[in-house]
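Undergrad:
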Amino acid sequence: AQKVTQAQTEISVVEKEDVTLDCVYETRDTTYYLFWYKQPPSGELVFLIRRNSFDEQNEISGRYSWNFQKSTSSFNFTITASQVVDSAVYFCALRKRGANNLFFGTGTRLTVIP
Amino acid sequence: NAGVTQTPKFQVLKTGQSMTLQCAQDMNHEYMSWYRQDPGMGLRLIHYSVGAGITDQGEVPNGYNVSRSTTEDFPLRLLSAAPSQTSVYFCASSYSMGGSGSGNTIYFGEGSWLTVV
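In the order they appear, the protein sequences are chains E and W. Final position of the first sequence in the numbering used here is 456; the numbers increase by one with none missing. Final position of the second sequence in the numbering used here is 164; the numbers increase by one with none missing.
1) Does the separation of the CB atoms of E/Gly447 and E/Ala435 fall below 8 Å?
2) Does W/Val164 come out as helix, strand or coil in the three-state DSSP assignment?
3) Please list, in chain order, all residues of the same chain as E/Leu363 whose beta carbon is under 6 Å from its beta carbon, the five residues on each side excluded.
4) Nearest to W/Glu77 by alpha carbon, out of W/Thr117, W/Tyr111, W/Leu126, W/Asn109?
5) Restricting to Cα atoms, I'd like to know which of E/Arg405, E/Phe377, E/Thr351 is closest to E/Arg392.
6) Please name the residues in the stretch 363-386 of chain E whose beta-carbon is closer than 9 Å to at least one beta-carbon of chain A, in chain order.
7) Any Cβ of chain W within less than 8 Å of the Cβ of E/Leu444?
8) Secondary structure at W/Val107, three-state DSSP: helix, strand or coil?
9) Since W/Met66 is in the beta strand (DSSP E), which residue starts that stretch and which ends it?
10) Could you tell me whether any Cβ in chain E is nearer than 8 Å to the Cβ of W/Phe137?
11) For the stretch 410-417 of chain E and the stretch 112-126 of chain W, state whether three or more C-beta atom pairs, one from each stretch, are separated by less than 8 Å.
12) Name, please, each residue of chain E whose Cβ falls closer than 9 Å to the Cβ of W/Tyr154.
13) For the beta strand (DSSP E) containing E/Gln411, list its first residue and its last residue.
14) Say whether the stretch 56-75 of chain W touches the stretch 387-405 of chain E, bearing in mind that this needs 3 or more beta-carbon pairs closer than 8 Å, one atom from each stretch.
15) Tell me, please, whether the CB atom of W/Tyr111 is closer than 8 Å to any CB atom in chain E?
16) Check whether the Cβ of W/Leu161 lies closer than 8 Å to any Cβ atom in chain E.
17) Going by CA-CA distance only, name the one from E/Gln348, E/Tyr375, E/Glu359, E/Glu398 that's closest to E/Gln411.
18) So what does DSSP say about W/Ser159, is it helix, strand or coil?
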């Protein structure tokens, strides 16, 4: 069975602080895919990143970075120098190889205070 | 490039009424699905389809019907709305089991806010 846990329900930071959103997953599959989605106050789900289980390289995209560690089954997301526009709910999700459906965590609501 | 389009964006229903949420995608994706989002529960899968004429149940299918007559469209029907179906509904699509590349990414519509009173 697949499970995704986002233990942080809500986080508040002051603008320009760094913040890390945690994601821990469970799966028995050896090949799988991990995702992060952003849900801003307007409500849509915006795809941020996909990571394959066989690629443990960390990734940086501007102020965003992702740390994937198979040894701890974690796929954490760091925002550097946070901005008010980063305020949103962030979802981590898992997709098995050969399957179509996503298993979502319960989301972390990030509030960046100006 | 429209991506995944959902209508309506907002709807209020009375208990017992029926309605259809529309979903269309223009990316030639085989896989389409419906999720509902409830506070503190993330997104849960209602129904999905891996191609025209093929549908299957997800985690929370009760009270919903789907059909897939074309690759592009995947409507979700509420047969007799109940207050427990008040939620935000998301339609999603992707290439079906699309290998290791970008085909694995699942794209979502903008959501439909449904209130049942």
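All C-beta atoms, glycine included, are put in the ideal place defined by N, C-alpha and C.
TA: Let me spell this out:
1) Residue 447 of chain E sits at position 105 when you count from the first residue of the first sequence. Residue 435 of chain E sits at position 93 when you count from the first residue of the first sequence. Taking 8 Å as the Cβ cut-off, E/Gly447 and E/Ala435 qualify as a contacting pair.
2) In the second sequence, residue 164 of chain W corresponds to position 117, counting from 1. It is coil, neither helix nor strand.
3) As a working note, residue 363 of chain E is residue 21 in the first sequence. Hits under 6 Å: Phe419, Tyr432, Thr450.
4) As a working mapping, residue 77 of chain W is identified with position 30 in the second sequence. The option with the nearest alpha carbon to W/Glu77 is W/Thr117.
5) Within the first sequence, numbered from 1, the residue matching residue 392 of chain E stands at position 50. The candidate whose alpha carbon is nearest that of E/Arg392 is E/Phe377.
6) No chain A is present in this structure, whose protein chains are E and W.
7) To locate residue 444 of chain E, count along the first sequence from 1; it is residue 102. Cβ-Cβ to chain W under 8 Å: yes for E/Leu444.
8) The residue given as residue 107 of chain W occupies position 60 in the second sequence. Looking at W/Val107 - three-state DSSP - the assignment turns out to be coil, as it is neither helix nor strand.
9) Along the second sequence, one-based indexing puts residue 66 of chain W at 19. 66-72 is the span of the beta strand (DSSP E), which, as asked, contains W/Met66.
10) For this step, residue 137 of chain W is matched to residue 90 along the second sequence. Yes, its Cβ sits closer than 8 Å to a Cβ of chain E.
11) no
12) Residue mapping note: residue 154 of chain W aligns to position 107 of the second sequence, counting from 1. Result: Leu387, Phe389.
13) Mapped onto the first sequence, residue 411 of chain E falls at position 69. Segment 406-411, the beta strand (DSSP E) holding E/Gln411.
14) no
15) Start at 1 with the first residue of the second sequence, and residue 111 of chain W comes out as number 64. No, W/Tyr111 does not count as interfacial toward chain E.
16) Here residue 161 of chain W corresponds to residue number 114 of the second sequence, with the count starting at 1. No, its Cβ sits nowhere closer than 8 Å to a Cβ of chain E.
17) To locate residue 411 of chain E, count along the first sequence from 1; it is residue 69. When only C-alpha atoms are compared, the closest one is E/Glu398.
18) One-based indexing of the second sequence puts residue 159 of chain W at position 112. Strand at W/Ser159.
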